[in-house]
Structures are given as C-alpha cells and as structure tokens.
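Protein chains in written order, with my numbering: chain S, 1 to 284; chain D, 1001 to 1227; chain R, 2001 to 2227.
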C-alpha cells in the first residue's frame, strides 16, 4: 500500500467530518490534504515508527508532548483528530491494530462530545470530561518515566561486572552425614513398633550393657590371641561390672560365638573366638 | 583473629564468590576456633569497602549481601572481554517491570489497565526467568489472579539494597485544581479580546476557541516552567 | 593516561577476566586515543603486583599472562564455596545402625530377620567406613556369618562414655517426652518417674500420631540446622 492510498483515505475521511469536529486538516481555513508533517515517511518506516508506541496512551502522550501542550489542559478536539489520523494510518498500512486503540478512539469521541455541551458554571462539582483521560495519561507517564529510570540504573552485566579469579583450593573433603543420637533412637523405636505388630516380643527388654560387653569381650578375643578368662574382668568396675562381663561371656558361649578351653581342672581358662578354633586346635 | 587476616580472608572469599554473600553466610565460612564474630565481620567489611574506593573494582552491598564488581567508570574497557553487547530490554518489558516494582503486589490486569495495552505472556515469562519477579500471592477476586512482586535478585542485579533506593515516582497533578484559574484566564482573554485571532484562525465555534486559548495558556505555563 | 587510571582499568580488566591476559592482549583493550603503550602497561602491572602483596588475593604472572588469584594461605576458607552439603543417611541405614547398637553382636541375617527386608551391603560398608561398626567375631552356624558391633569411634561421635548411656528400651518408648532436649540425665529421671505411664501408652492406638509428631519435630530440627 502506497503513501498515495493513505492520503486518499485520509482525504476521504476529512471531507465528511462529524458534527462539531474540528478537522485537523483544515488549518488557517485551508484544507490540507496530506497527513501530518511527521508522517511524510515511507510506509515501511512508518510501520516501524508506529510500532514504537506502547499503546494508545503512549501515542496520545506523544501527540501532546510533541506540541508542548499541557497535559492538564489538552485541546481535546485537536488531539482527537490527530489521534484518529494515526489510527487511520495504522489501518491503511495493514498494521495489526490492537483493539485498545479503537477503545481509546471511542473514549476520545465521547469526551469531545461532552466538551461540546455548554458548561454550567453554577454547578460547582461538574467534572471536566477530560479528567479521567488526564489521570490515566499522567499515571501512564509516571511509569513510562520510571521504566526509563530503571533502565538507567547501573546494572550487572552492562555497567558493573562480576569478578572472576583463579582460586587456590584445598583438597576437597566430602563431609560425612550428621547423625543425631535421636535419629538412632527413633529408628529403633520404629523397629520396635514393627516388631510388636508382627512377632511378639522377639526383642525383649534387655540390658544394653550386657550387649555392649559382649562386643567388648569379642573385641578382646579378636585376632590371634588367646585370652585368659580372668583378664576379661576389671576389678575396678566392682561387682556389677564383673557380673555383666560374666553374663556377656555366657551369652557368647550360648550363641556359640566363643569357645572356652581348659586344659585340666583348675588350670587357667582360655577364651577364643569360635572362628579361630581351627587355627589353634593343635595348641595346648 | 587479627583484623588484617580476617580482612584478607573475607577478600579472598568474596572475590571468588559467584553470588553476593550476606554477613551470616560469611560467618559460616569460619570455624569456632577462628574466633570470629558478627561484629568482626561487619567491621572488616566496612574497612574493605573503604580500602577499595580508589581501585578499579569495588565492594558493594546489595539486597542479598556483599559482592565485588568492576566500577562503572571502567566499563568501556571491561566490556571488551565479550563480543556480544549486553542485553537491552524493550520498553514494554521495562514499563511492566516498573509497574511491578512500584505497585507490587500487582495483577497482570492492573498492569494492563495502567499501560492501556495487553501485557504479553512472553514479557512476564522473561521477567520470571530472570528471577526479577515472582508470584507473591493471589488476589481474592474472581479467577484469583496472581499477584506479582519483585525478588532479591532484582535488587542485586540493579545494585540496590532495598526498594527504598529506587528513584521516586513523579507526582500526579490534579486537573481539578486547574478550574478556577482556567475560568479566570478565559474571562481575561475574552475581556482583552485577544481571542480574535484565534477565532479567525479556526473560523469556528466556541469550543475551538476555548481549546485554543487553553493551548496558549498551556504554552505559557510550559515556558514559565522552563524558566 | 594517568598511571592511577591505567592501573584501575587494568585491575578492572584483570579481575573480570576468565583467563590470564598477556601484555599484548591487555594492550588490545585500549584505543589509540587512550595513549597507552607497552611500557605503561608493564609498569602499571608491576605496581599492581606490589599493591596486592598485602591482600587476600594477588596478581601473578603465568606463562600465558597475568591473572588474579586467591592466596594459598586462605585456601581453607575459600574452598568452602564448593563444600557439598552433607547428605542424609537413609532410614534403612539408621535402622540397621540402631539394631547393631542395641542388639550387638548381631549378624546381618538377624538384622534382616527383624527388619523384614534385606540389608544392602552398601549400608554395612558405609557404616564400616565411618568406623562406627566393625566385625567383632563370627557366629558358629552354617556360613559362619560375621557378628557386627559398635566401635569406640561410634561412642566418641555421640559423646558417650559407654553404651550404658544410650537410653534403655523403656526410655525409647517415651521418646516424645524426652525431646527436644537430648540430655541423657534428664531422660533417666523422666524414665524413672514416668515408667508406669510409658507402659500404658504403649498399648494405645496412638502409634501413628506419635510417629507423625516425631517426624515433624525431626524436620523442624533439620531445618533450623540448615538456616
């Protein structure tokens, strides 16, 4: 679509202005058959130009600011006419015209018609028909400005850059998971519950000290050593300690984990792990 | 621990860090036997900031903590590390971001209302992927639309400690206050019969006259603002 | 160009560089109008090296050029950037450990029998590598399976003088009451006072409820640690 078509289209529209409208193209009493001055650009460029508007508010702001008009006191008829011309241009070059532009066109027409009504000065509270539009324009303009402000803030990757240095590292140590004593207790409690539900009292209350002593006894028997029965007892532990050790030894014997050897009556009693039996069979 | 040693350790940690580090995170680098407390770290960081004021890079504090970065005044040289130019953001994205920054929490519909156009999903997605905005809740209206707000990463990216450091929004003028003045002006003008020219220019009815006289006033106002 | 400015520019370039930069490469960052020559750069680099001798990182020259790097003496702190968060042990491992603690010496088959599922070799290996359990003997049954027991290191880790200090089974039943304070002495006292109640509680249907509250509490604790 050429510029000419656009002009014709504009012309056609201008010859039939609606009632009370000030046709923008009649300036100084003369009909102007061309689009506004800054639209004298090739259609391709025009498209790019029009696409730079972020919507009807942005376009309106542009029209107002271009003419150094006061946003609080917009000459609504002029601006409406100019706005309609731009919208028409967008349509003529087949620009995908967002519905918002048409909604705004309707709003402008409505304001304009209300402006035409005689103003009753005696009614004090009468709103300026433009008030809502002005409010929206101002509100939009604030954020348009804020967007520029944000863009001007120094930012990472454009104004400031991360540091990147060679790092001398220590050898990596993989940390071991932490366990609370509580975790073990809870785990055991769960087991107890499961067991309670299945087999009754397979695990009964048992003195853990005997269990520990069993391990202790076994660890003393660990390796190639024969251990004399008496060496397992520590007198410092007192009677209770001795009893615990004895019970641990008996339990181990019962479990066939250890074996007891006595060469003759009243000879020293030796203990050895069952696993070591074969190796020591030939010994006294 | 000696203050010089602490400073050097903090320097080494921060210069090799990939993210800003808070005082708490920095404290986590020390063992109890290092005998370093919060105040020591705070003081050392302050001294470090001073130490680098005359350097080519600086230690700054943003929302998530402290980080070293090159100074803006040397960007023309530093940028040459990379062939690509830094990303530029579209006006649509920046305006959407500005609304979320200053009006948070805000729904997408509210953003569209103020901007006067639909907000593309692409923009919201980009902002979310950059970790600049996030959904902070839902508005209790039909459809329960998401409420958007900014993140700490947004502040970090723009070198800000908090939203308070954002430039303030411009004021909105009240159109209603214009009335008395406006009426006076029109009467004056009519009395002075200055409007002849304008009327003949447009050759039409009162409405246009009024519009144009307002224009003149607007121009006056504008000039006086510039003075 | 002033030597201070040149130094700062070089600092900014080098601190943001991903690779070492030679003097030639550094010269490439400048425009003719910067009026910087090879000697200027050389001199500035030398001064920079001096400038950083007392810092937490230094400017060093390698075969391919100059680069900043953190100092060796601070590596123990710097390395912690890359510290992995310690993993958590699985429920299966903790149950296995609990059984070894309370039922030692115990064979793997016995553990499996009680837990009702196979015990993976991996779990036993992990516990052995941690030096918490070891093979204390062999049971004289077909296959002569290993008997597992806890070690001195296990007691040390949990600050126990002996396994006697582990809560008894009855105390375990009342574990809810004992926490959050895991003070064994308090446990003992409570256990003595409340032993009647424990038994009665044991028979109720509250098992699940109890479980949940414990889990929750455990989670809380875990979180607070991460903070």
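Even for Gly, the Cβ is constructed at its ideal location relative to N, Cα and C.
Please read all numbers here as calculations on a predicted model, not as lab measurements.
Cβ pair residue i, residue j closer than 8 Å
| i | j | result |
| --- | --- | --- |
| residue 1010 of chain D | residue 1027 of chain D | no |
| residue 170 of chain S | residue 214 of chain S | no |
| residue 2106 of chain R | residue 2097 of chain R | no |
| residue 232 of chain S | residue 217 of chain S | yes |
| residue 168 of chain S | residue 2075 of chain R | yes |
| residue 2068 of chain R | residue 166 of chain S | yes |
| residue 54 of chain S | residue 1172 of chain D | no |
| residue 2086 of chain R | residue 177 of chain S | yes |
| residue 98 of chain S | residue 1117 of chain D | yes |
| residue 1127 of chain D | residue 1135 of chain D | no |
| residue 149 of chain S | residue 1167 of chain D | yes |
| residue 180 of chain S | residue 1072 of chain D | no |
| residue 105 of chain S | residue 87 of chain S | yes |
| residue 161 of chain S | residue 1078 of chain D | yes |
| residue 2070 of chain R | residue 1015 of chain D | yes |
| residue 1095 of chain D | residue 147 of chain S | yes |
| residue 1056 of chain D | residue 2039 of chain R | no |
| residue 1041 of chain D | residue 1060 of chain D | no |
| residue 229 of chain S | residue 258 of chain S | no |
| residue 1169 of chain D | residue 65 of chain S | no |
| residue 210 of chain S | residue 2114 of chain R | no |
| residue 2013 of chain R | residue 2029 of chain R | yes |
| residue 1112 of chain D | residue 1119 of chain D | yes |
| residue 60 of chain S | residue 83 of chain S | yes |
Burial state of residue i (16 or more Cβ within 10 Å)
| i | result |
| --- | --- |
| residue 1138 of chain D | exposed |
| residue 56 of chain S | buried |
| residue 58 of chain S | buried |
| residue 256 of chain S | exposed |
| residue 2199 of chain R | Residue confidence for residue 2199 of chain R is low, a pLDDT of 35 falling below 50, so the modelled location carries little weight; the figure read from the coordinates is stated next. By the neighbour-count rule (16 or more Cβ atoms within 10 Å), residue 2199 of chain R is not buried but exposed. |
| residue 262 of chain S | exposed |
| residue 1122 of chain D | exposed |
| residue 2044 of chain R | buried |
| residue 79 of chain S | buried |
| residue 1101 of chain D | buried |
| residue 267 of chain S | exposed |
| residue 234 of chain S | exposed |
| residue 2046 of chain R | exposed |
| residue 271 of chain S | buried |
| residue 89 of chain S | buried |
| residue 155 of chain S | buried |
| residue 1020 of chain D | buried |
_Meets three-Cβ-pair contact criterion under 8 Å: the stretch 61-81 of chain S and the stretch 129-137 of chain S_ = yes
*Please list the residues of the stretch 2005-2021 of chain R that have a C-beta atom closer than 8 Å to any C-beta atom in chain D, keeping them in chain order.*
2007, 2008, 2009, 2010, 2011, 2012, 2013, 2015, 2016, 2017 and 2018
*Taking a cut of 8 Å between CB atoms, which residues from the stretch 131-158 of chain S lie near chain D?*
131, 134, 135, 136, 138, 139, 140, 141, 142, 143, 144, 145, 146, 147, 148, 149, 150, 151, 153, 154, 155, 156, 157 and 158
*Is the stretch 2152-2161 of chain R touching the stretch 2104-2118 of chain R, taking contact as three or more C-beta pairs under 8 Å?*
no
*Would you check if the stretch 2031-2039 of chain R and the stretch 2070-2084 of chain R touch, i.e. whether three or more CB-CB distances between them fall below 8 Å?*
no
_Members of the stretch 2070-2082 of chain R that neighbour chain D once the beta carbon cut-off is set at 7 Å_ = 2070, 2071, 2074, 2077, 2078, 2080 and 2081
*Got a sec: which bits of the stretch 2145-2169 of chain R sit with their beta carbon under 7 Å from any beta carbon on chain S, in order along the chain?*
2147, 2149, 2150, 2158, 2162, 2163, 2164, 2166, 2167, 2168 and 2169
*Do three or more CB pairs link the stretch 1147-1155 of chain D to the stretch 1049-1066 of chain D at distances below 8 Å?*
yes
_Contact list for the stretch 2087-2107 of chain R against chain S, Cβ threshold 8 Å_ = 2087, 2088, 2089, 2091, 2094, 2095, 2097, 2098, 2099, 2101, 2102, 2103, 2104 and 2105
*asked:* What are the residues in the stretch 2033-2062 of chain R lying within 7 Å of chain D by C-beta distance?
replied: 2055, 2056 and 2057
*Let me know the beta strand (DSSP E) ranges lying completely inside the stretch 2056-2100 of chain R, each 3 residues or longer, listed in chain order.*
2057-2062 and 2065-2070
*Quick one: complete beta strand (DSSP E) runs, 3+ long, within the stretch 1138-1172 of chain D?*
1146-1150
*Taking any Cβ of chain D, which residues in the stretch 45-72 of chain S have a Cβ under 7 Å from it, in chain order?*
54, 55, 56, 57, 68, 69, 70 and 72
*Note down, in chain order, all residues in the stretch 158-176 of chain S with a beta-carbon under 8 Å from any beta-carbon belonging to chain D.*
158, 159, 160, 161, 162, 163, 165 and 167
*With 8 Å as the limit, tell me which residues of the stretch 90-112 of chain S have their beta carbon closer than that to any beta carbon of chain D; keep them in chain order.*
98, 100 and 104
*the stretch 1113-1139 of chain D: which residues have C-beta closer than 8 Å to a C-beta of chain S, in chain order?*
1114, 1115, 1116, 1117 and 1118
_Against chain R, which members of the stretch 235-259 of chain S pass a CB distance test of less than 9 Å?_
252, 255, 256, 257, 258 and 259
*Within the stretch 2011-2060 of chain R, ranges of the alpha helix (DSSP H) (whole runs, at least 4 residues)*: 2023-2027 and 2038-2051
*Give the residues from the stretch 179-194 of chain S that approach chain R closer than 9 Å (Cβ to any Cβ), ordered along the chain.*
179, 180, 181, 182, 183, 184, 185, 186, 187, 188, 189, 190, 191, 192, 193 and 194
_Sequence ranges, alpha helix (DSSP H) only - wholly within the stretch 62-98 of chain S, length at least 4_ = 76-92
*Unbroken stretches of the alpha helix (DSSP H), 4 residues or longer, contained in the stretch 1102-1132 of chain D*: 1108-1115 and 1121-1129
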